[in-house]
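Note sheet for the following structure.
Chains as they are written, first to last, in my numbering: chain A, 2 to 295; chain B, 136 to 475.
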């Protein structure tokens, strides 16, 4: 598969802080690549170095094998985490203005339909809701028919319905053949949208691969959850991996029946027990040992 | 390149024109100032101004007892034609030349000229016995005639510098510049679009305000409207460019405001918006030449009051063009899209 984007050993140092420390990854054509991590992990800095918005202290970024330059600017679509638009301009005028900045142009009607902006075209930018605004920012990122789309925490602050609508949109962009680099601290979002992920913490990539592959490598089986308050004594003699967090005990097991049998003498109320698949949030907490939203 | 410049130019125009409060302020401020000042300061002012035709920049009072007269301001001048023109317009109440053949020029239609002449003749009866008198005629230039270009120039200066300087800093702070940075737009294209947008808007505003005040107050217009229009355009470009340099890297609106004021206030005071720098020291007059507003006002007043032609104001236009080129060149070079 052709490599669209390659980041090689990126480093960004600020006085007294190394924000990004030797980050390398590549994105294949047609793939949605997720850069995950808590706030302050260095995701946005990494992506902004790649986008050419800030300069790296060292390292290189290649687009289709060439140093990212003019072609990259023409063919990349970018949605920043925080972007202000010009006041007093309508949705239509904003899209038209950005579209005029590119040689490559998307069909205006298609973008408007894709981002469900048809009813908002004459509305002032300042009068959009959070979800509408994110759809406009995505439309702005699509005005040049991008081959590579950067989405930096696009659903932060959106309600659950708006988040899921946005996921549909991202999937439709991908279905049209564009590659996507998505940064997020929502692990469920990454699990739904991403083919490949890299988990960052403290400026470094600590795990990289497909979500299923990473979970398979880390966990052999399912997770049994039960409240600590339901335990009659400690679980020291149980032969499984056990974690405690926020008043919940998690037991990782490949044999649920046997584990339940071992647990039952120590539990006052079996009705509170939950059994579930491990997810990226479990993986992240295992790898970093601290909360995702820290 | 031009398509991208036009897109940003159009976006900025819409933003400005739809911000009704800012737009109204840009229109109303100069009108209020012009009308207010023309009524408040329209009458004769108290000071007497006498031109002294001589080679030196220093008035030597021993030359003639008249030069020691109290309540008179003596202004040394080498340019006889310019001084005579000022006498004809009542800008100088009297022009005197001492030496081997002492002479003076007075406008018989000027009340202040009459009293200045009396003071001259009575200052030393013996010395003035042989002084030769010449009369210069011409209608007075009202303060409104003189101050109109000054106020329009000042409004242009504030609008160009704050209108661009503040906006660019706001764009930088709220991340809009960062968003543009991620497109093929270059800093030169962005700066050119800002210059063009503000130049067109402020020129239109200036034309509207000039036309209205000119019609209502019947202000003097001796030269060509086209030449004056050209002065306005070139002047606006130079002042927008200066505003862009100041805002090229700044990320704080407070700092931008301070820097803009640091340039605006000396420019307003030294460029002759409110009063002529006639009589000011040569250092001050030379210092004033570094400000675009000085060249704009010199050229505009020459066209409006003296009927100067395009050729006459060409040095001012060239100076403004050179300043603009330097400002835009530096601005594009030091321009920063983001906050860091």
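Note that CB positions come from ideal geometry on N, CA and C, so glycine has one too.
Since we're looking at a predicted model, the values are computed, not measured.
Would residue i and residue j qualify as a contact pair, given that the criterion is a beta-carbon distance under 8 Å?
i, j, result
"residue 24 of chain A", "residue 180 of chain A", "no"
"residue 477 of chain B", "residue 432 of chain B", "Since the displayed chain B opens at 136 and closes at 475, residue 477 of chain B lies outside it and no answer follows."
"residue 37 of chain A", "residue 185 of chain A", "yes"
"residue 462 of chain B", "residue 376 of chain B", "yes"
"residue 234 of chain A", "residue 273 of chain A", "no"
"residue 332 of chain B", "residue 144 of chain B", "yes"
"residue 429 of chain B", "residue 307 of chain B", "no"
"residue 284 of chain A", "residue 215 of chain A", "yes"
"residue 276 of chain A", "residue 250 of chain A", "no"
"residue 88 of chain A", "residue 126 of chain A", "yes"
"residue 82 of chain A", "residue 45 of chain A", "yes"
"residue 318 of chain B", "residue 73 of chain A", "no"
"residue 281 of chain A", "residue 172 of chain A", "no"
"residue 140 of chain B", "residue 327 of chain B", "yes"
"residue 159 of chain A", "residue 135 of chain A", "yes"
Let me know if residue i comes out buried or exposed under the rule of 16 or more other beta-carbons within 10 Å of its beta-carbon.
i, result
"residue 52 of chain A", "buried"
"residue 195 of chain A", "buried"
"residue 472 of chain B", "buried"
"residue 468 of chain B", "exposed"
"residue 340 of chain B", "buried"
"residue 271 of chain A", "exposed"
"residue 390 of chain B", "exposed"
"residue 226 of chain B", "buried"
"residue 188 of chain A", "buried"
"residue 163 of chain B", "exposed"
"residue 247 of chain B", "buried"
"residue 270 of chain B", "exposed"
"residue 272 of chain B", "exposed"
"residue 206 of chain B", "exposed"
"residue 324 of chain B", "buried"
"residue 114 of chain A", "exposed"
Using a Cβ-Cβ distance cut-off of 8 Å, determine whether residue i contacts chain B.
i, result
"residue 64 of chain A", "no"
"residue 94 of chain A", "yes"
"residue 112 of chain A", "no"
"residue 229 of chain A", "no"
"residue 51 of chain A", "no"
"residue 88 of chain A", "yes"
"residue 207 of chain A", "no"
"residue 74 of chain A", "yes"
"residue 26 of chain A", "no"
"residue 98 of chain A", "yes"
Taking 8 Å as the CB-CB cut-off, is residue i touching chain E?
i, result
"residue 79 of chain A", "Looking for chain E here will not work: the only protein chains present are A and B."
Since residue i meets chain A, which of its residues come closer than 9 Å, beta carbon to beta carbon?
i, result
"residue 468 of chain B", "Simply none; closest approach about 16 Å."
For residue i, go through chain A and note every residue whose CB falls closer than 7 Å to its CB, in chain order.
i, result
"residue 338 of chain B", "The premise fails here: residue 338 of chain B is roughly 21 Å from chain A at the closest Cβ pair, so nothing lies under 7 Å."
"residue 320 of chain B", "102"
Quick one: list the residues of chain B neighbouring residue i, beta-carbon separation under 7 Å, in chain order.
i, result
"residue 83 of chain A", "310"
Is the Cβ of residue i closer than 8 Å to any Cβ of chain A?
i, result
"residue 473 of chain B", "yes"
"residue 142 of chain B", "yes"
"residue 355 of chain B", "no"
"residue 139 of chain B", "yes"
"residue 325 of chain B", "no"
"residue 136 of chain B", "no"
Starting from the beta carbon of residue i, find every residue of chain B whose beta carbon is closer than 8 Å, and list them in chain order.
i, result
"residue 54 of chain A", "313, 316, 317, 472 and 473"
Residue i touches chain B at which residues, Cβ-Cβ below 9 Å?
i, result
"residue 2 of chain A", "Chain B residues near residue 2 of chain A: none, gap ~26 Å exceeds 9 Å."
Given the structure, does residue i come close to the ligand SAM, in the sense that its CB is under 7 Å from one of the ligand's heavy atoms?
i, result
"residue 432 of chain B", "The ligand SAM is not among the ligands present in this structure, which contains no ligands whatsoever."
Which residues, in order along the segment 144-163 of chain B, keep a beta-carbon less than 9 Å from a beta-carbon of chain A? Answer in chain order: 145, 146, 147, 149, 150, 151, 152, 153 and 154.
If you measure beta-carbon to beta-carbon, which residues of the segment 442-458 of chain B are closer than 7 Å to chain A? Answer in chain order: no residues at all.
Relative to chain A, which residues along the segment 269-296 of chain B have a C-beta separation below 9 Å, given in chain order? In summary, no residue of the segment 269-296 of chain B has a CB separated from any CB of chain A by less than 9 Å.
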